[in-house]
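When we follow my numbering, the leftmost residue of the sequence shown carries the number 7, and every step to the right adds one.
Cβ coordinates follow ideal geometry from the N, Cα and C atoms, glycine included.
All values derive from a computational prediction rather than experimental measurement.
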Amino acid sequence: MTDHVGVRHLVVTRHALVRQVLADPERYRPDNALDAVTPMPVTALRVLAGHRFRLPPTLANNSGASHPQIRGIVADALHPAKVAAQRAWLTALVRERVARLRATLDAGAPVDLYADLAADLPLLVLARLVDLPDAPVGAVKEFARAALELFWAPLDDDRQVALAAEVGRFHHVLREFAATGGGLAAELRAAGHPPDVVVGALFFLLVAGQETTSQFLTLLLHRLAGEPAVRAALRAGDVAVADVVEEGLRLEPPIVTWRRVAAADGVLGDTAVPAGTSIVLWLARAGRDPAVVDAPDDFVPGQRGSRRHLAFGAGAHRCVGDVLARMEAAVVVAEAAPLLDGVTVIRPPWCPDNLTFRMPDAFVVRSVERPADQ
Ligand code: HEM
């Protein structure tokens, strides 16, 4: 298909073919993963240059020799044992929030399950696993959403300049932290990675490591609001929370597409793919491939094929935060799904036009039963 600026892309939807591309990083390279889908005008590039903005290949867009080592250091910080150690803390925090939200609902007032529950949780957990710059949560969220829009949305010049200023400003903060910060930044420095690479890794982690998950929590809660039978089965202990999370990832992935670029002429399925072709892997569609899942559009936890989604990608660049994202989602489903009983949705999530990220903006519900005095 041809996109909004006239660039042609090969869109891959079938599960087997998406997997085939992801599994072959030599032939289908990840180099274009973070390229701006709307080419930046000189004015926006100047703004970024003014902040000494650079995004060298580090993780998702790195097909070079440094990738395995950088990935290894990041994976260590997100080791399953370290993730498991955060579970009790997160459960207590979510429980406290859910109790407050329950009281608000019982008082007849609306609650926003994005702003009041999901938005900052992943960042708070990430900050306990990885040393991050001492910036207010709101500033990090704004920067991350600006980055997702700047690189993945169709935009006009003015908006690009405004977003470039926002992203550039925070990049500057990261640059200072990368030079002096402890934890992951210090480990990357000690392994001999230059400052640009340390900044690039932190930049990607701050975006990919929290914004994706808060989007997913919001989308999953919204989906569950419309799945009373699943909630009843959860209550009765008839379905496992982990199966609900997997089915959520399959049906409501926060990352809808991911890109690769063909390194050589070849054939994919029965389509000729010339070298240099931009390939858009429609991960969300692959999760609904009837060749893999029995009831592709239905939310059936544990059904055949439910776990075979590609929401986290596959192969050498597969998401290193999957264990963390799954843990966070499991805690939120276990603790917050009961809030959805007896509510009505007054504001479903609205998702802006974006090639890759869903970016829901709000999810507001209210109790169906209003107190007698209102
Ligand atoms: C529901 C939440 C999440 C989803 C759906 C998701 C999805 C993805 C996808 C599709 C990729 C590209 C995979 C590929 O190219 O094959 C990716 C890469 C990555 N993700 Fe996630 N992610 C999530 C949460 C996280 C979290 C919580 C972290 C870390 C705290 C994280 C860190 C990364 C990193 C570092 C990469 C690059 C890996 C590499 O290139 O080696 N992600 N993720």
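Selected residue, minimal CA-CA separation from residue 129, among 225, 77 and 92: In the sequence shown, residue 129 corresponds to position 123, counting from 1. Out of 225, 77 and 92, 92 has the C-alpha closest to the C-alpha of residue 129.
Restricting to Cα atoms, I'd like to know which of 369, 341, 349 and 361 is closest to residue 97. Here the question's residue 97 lines up with position 91 in the sequence shown. Checked all of 369, 341, 349 and 361; the closest Cα to residue 97 is 341.
Determine the closest residue to residue 332 out of 48, 345 and 318, with distance taken between C-alpha atoms. As a working mapping, residue 332 is identified with position 326 in the sequence shown. For residue 332, the closest C-alpha among the options 48, 345 and 318 is that of 318.
With a threshold of 8 angstroms, are at least 3 pairs of Cβ atoms found where one atom belongs to the region 147-166 and the other to the region 243-255? With a cut-off of 8 angstroms, the region 243-255 and the region 147-166 do not count as touching, because too few Cβ pairs lie within range.
Quick one: Cα of residue 77 to Cα of residue 181, how far? Position 71 of the sequence shown, counting from 1, holds the residue named residue 77. Position 175 of the sequence shown, counting from 1, holds the residue named residue 181. In a straight line, the C-alpha of residue 77 is about 20 angstroms away from that of residue 181.
Alpha carbon of residue 61 to alpha carbon of residue 244, nearest angstrom: Here residue 61 refers to the residue found at position 55 when the sequence shown is read from its first residue. Here residue 244 refers to the residue found at position 238 when the sequence shown is read from its first residue. Roughly 47 angstroms between the two C-alpha positions.
Distance, residue 286 Cα to residue 362 Cα: To locate residue 362, count along the sequence shown from 1; it is residue 356. To locate residue 286, count along the sequence shown from 1; it is residue 280. The alpha-carbon atoms of residue 362 and residue 286 are separated by roughly 9 angstroms.
Just to check, is the beta-carbon of residue 325 closer than 6 angstroms to a non-hydrogen atom of the ligand HEM? As a working mapping, residue 325 is identified with position 319 in the sequence shown. Yes, the ligand HEM has a heavy atom inside 6 angstroms of this Cβ.
From residue 2 to residue 31, what does the alpha carbon distance come to, in whole angstroms? Residue 2 falls outside the range modelled here, since the chain spans only 7 to 380, and no answer is possible.
Minimum length 4: unbroken alpha helix (DSSP H) runs contained in the region 98-158: The region 98-158 is shown to contain whole alpha helix (DSSP H) runs of 4 or more residues at 127-135 and 143-158, in chain order.
I need the DSSP call for residue 319, collapsed to helix, strand or coil. Taking the sequence shown and counting its residues from 1, one reaches residue 319 at position 313. In the three-state scheme derived from DSSP, where H, G and I count as helix and E and B as strand, residue 319 is classed as coil.
Find the nearest neighbour of residue 56 within the set 365, 301, 117 and 175, judged by alpha-carbon distance. As a position in the sequence shown, residue 56 is number 50, starting the count at 1. Comparing Cα positions, the closest option is 175.
Just to confirm before moving on: does the CB-CB distance between residue 215 and residue 132 stay below 7 angstroms? To locate residue 215, count along the sequence shown from 1; it is residue 209. To locate residue 132, count along the sequence shown from 1; it is residue 126. Going by C-beta atoms, residue 215 is nearer than 7 angstroms to residue 132.
Below 7 angstroms between beta carbons: does that hold for residue 370 and residue 118? Counted from its first residue, the sequence shown places residue 370 at position 364. Counted from its first residue, the sequence shown places residue 118 at position 112. Result yes, Cβ atoms of residue 370 and residue 118 sit closer than 7 angstroms.
Mind pulling the alpha helix (DSSP H) runs of 4 or more residues that sit fully within the region 187-248? Whole alpha helix (DSSP H) segments, 4+ residues: 189-196, 201-214, 217-231 and 234-242.
Starting from residue 71, trace the alpha helix (DSSP H) both ways and give me its first and last residue. By one-based count along the sequence shown, residue 71 stands at place 65. For residue 71, there is no enclosing alpha helix (DSSP H), since its DSSP letter is neither H nor E.
For my contact list, residue 269 and residue 33 are in at a C-beta cut-off of 8 angstroms; report their separation, rounded to the angstrom. For the purposes of this step, residue 269 is identified with residue 263 of the sequence shown, where counting begins at 1. For the purposes of this step, residue 33 is identified with residue 27 of the sequence shown, where counting begins at 1. About 6 angstroms; that satisfies the 8 angstroms criterion.
Run through DSSP, which three-state label would residue 365 get? Counting from 1 along the sequence shown, the entry for residue 365 is found at position 359. Secondary structure of residue 365 (DSSP, three-state): coil.
In chain order, what residues of the same chain have a beta carbon less than 6 angstroms from the beta carbon of residue 360, not counting five sequence neighbours either side? For the purposes of this step, residue 360 is identified with residue 354 of the sequence shown, where counting begins at 1. Around residue 360, the same chain offers 158 and 159 as residues with beta carbons nearer than 6 angstroms, after the five sequence neighbours per side are excluded.
Over what stretch of residues does the alpha helix (DSSP H) that includes residue 5 continue unbroken? Because the chain spans 7 through 380 in this model, residue 5 falls outside it and cannot be assessed.
Quick check: does the Cβ of residue 91 come within less than 6 angstroms of any heavy atom belonging to the ligand HEM? Counting from 1 along the sequence shown, the entry for residue 91 is found at position 85. No.
Measure the beta-carbon distance from residue 18 to residue 27 and round it to whole angstroms, keeping in mind my assumption that it falls under 8 angstroms. Translated into positions along the sequence shown, residue 18 becomes position 12. Translated into positions along the sequence shown, residue 27 becomes position 21. Rounded, the Cβ-Cβ distance is 6 angstroms, consistent with contact.
Out of 197, 220, 86 and 294, point me to the one whose CA is closest to residue 125's CA. By one-based count along the sequence shown, residue 125 stands at place 119. Taking the Cα of residue 125 as reference, the smallest distance to any Cα among 197, 220, 86 and 294 is reached at 220.
Burial state of residue 7, where buried means 16 or more other Cβ atoms lie within 10 Å: If you number the sequence shown from 1, residue 7 lands on position 1. Looking at its Cβ environment, which holds fewer than 16 other Cβ atoms inside 10 Å, residue 7 is exposed.
Verify whether the separation of the beta carbon atoms of residue 54 and residue 170 is less than 7 angstroms. As a first step, residue 54 is located in the sequence shown; it is residue number 48 there, counting from the start. As a first step, residue 170 is located in the sequence shown; it is residue number 164 there, counting from the start. Taking 7 angstroms as the Cβ cut-off, residue 54 and residue 170 qualify as a contacting pair.
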